Amino acid sequence: MNASLFVLSPNAVIFLLIISPSFQLAVLAMIAMTIFLRTEMHRDSVTHGGIYVGALFYGVVVIMFNGLAELSMVVSRLPVFYKQRDYLFFPSWVYALPSWILRFPLTFVEVGVWVFLTYYVIGFDPYVGR
């Protein structure tokens, strides 16, 4: 039994890093769908414009701060980064670039989940099939 748990342990890391933030984003999208529930957004008054801008602002803030939980992991890697930089081991971009590139697909998935769940329900587009 212990050997099978040892083999499955890398999958737990994948689950925590990929599935969990997407699930949290889906929960926040469902909250946004209940707050800004409109299948057709009216664009004829300042009040409706305020609702529209509020929904856009909430979406931008949620997407922007969704990765904030990973900040502690980045800070924990800084001593290794500075030590290798001080010993002239590799240039600093060698350590920064891979994590930056690997973050792109996950960001696209998160934005896709947000748009798929909220775009029609909030009323950004009145037609589902478009």
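Reminder that position 116 of the sequence shown reads as 138 in this note's numbering, one-by-one numbering, no gaps.
Ideal Cβ placement from N, Cα and C applies to all residues, glycine included.
Because the structure is a prediction, the values reported are computed rather than measured.
Taking residue i as the reference, give the member of the options with the closest Cα.
| i | options | result |
| --- | --- | --- |
| residue 56 | 116, 80, 92 | 80 |
| residue 143 | 99, 71, 77 | 77 |
| residue 104 | 95, 92, 93, 117 | 117 |
| residue 47 | 123, 82, 70, 65 | 82 |
| residue 65 | 93, 73, 92 | 73 |
| residue 95 | 106, 121, 70, 58 | 121 |
| residue 18 | 60, 98, 69 | Residue 18 is absent from the model: the chain starts at 23 and stops at 152. |
| residue 125 | 107, 99, 92, 70 | 92 |
Is the beta carbon of residue j closer than 8 angstroms to that of residue i?
| i | j | result |
| --- | --- | --- |
| residue 52 | residue 146 | no |
| residue 129 | residue 54 | no |
Check residue i in the structure and name its three-state DSSP category.
| i | result |
| --- | --- |
| residue 126 | helix |
| residue 132 | helix |
| residue 114 | coil |
| residue 149 | coil |
| residue 92 | helix |
| residue 67 | coil |
| residue 87 | helix |
| residue 59 | coil |
| residue 99 | coil |
| residue 142 | helix |
| residue 104 | helix |
| residue 109 | coil |
| residue 23 | Its pLDDT being 48, under 50, residue 23 is placed unreliably by the model, and the measurement read from it follows with that caveat. Note: residue 23 maps to coil in three-state DSSP. |
Assuming residue i and residue j form a contact by the criterion Cβ under 8 angstroms, report the distance between their Cβ atoms to the nearest whole angstrom.
| i | j | result |
| --- | --- | --- |
| residue 132 | residue 67 | In fact, because the Cβ distance is near 33 angstroms, the residues do not count as touching under 8 angstroms. |
Three CB pairs or more closer than 8 angstroms across the segment 84-92 and the segment 106-122: no
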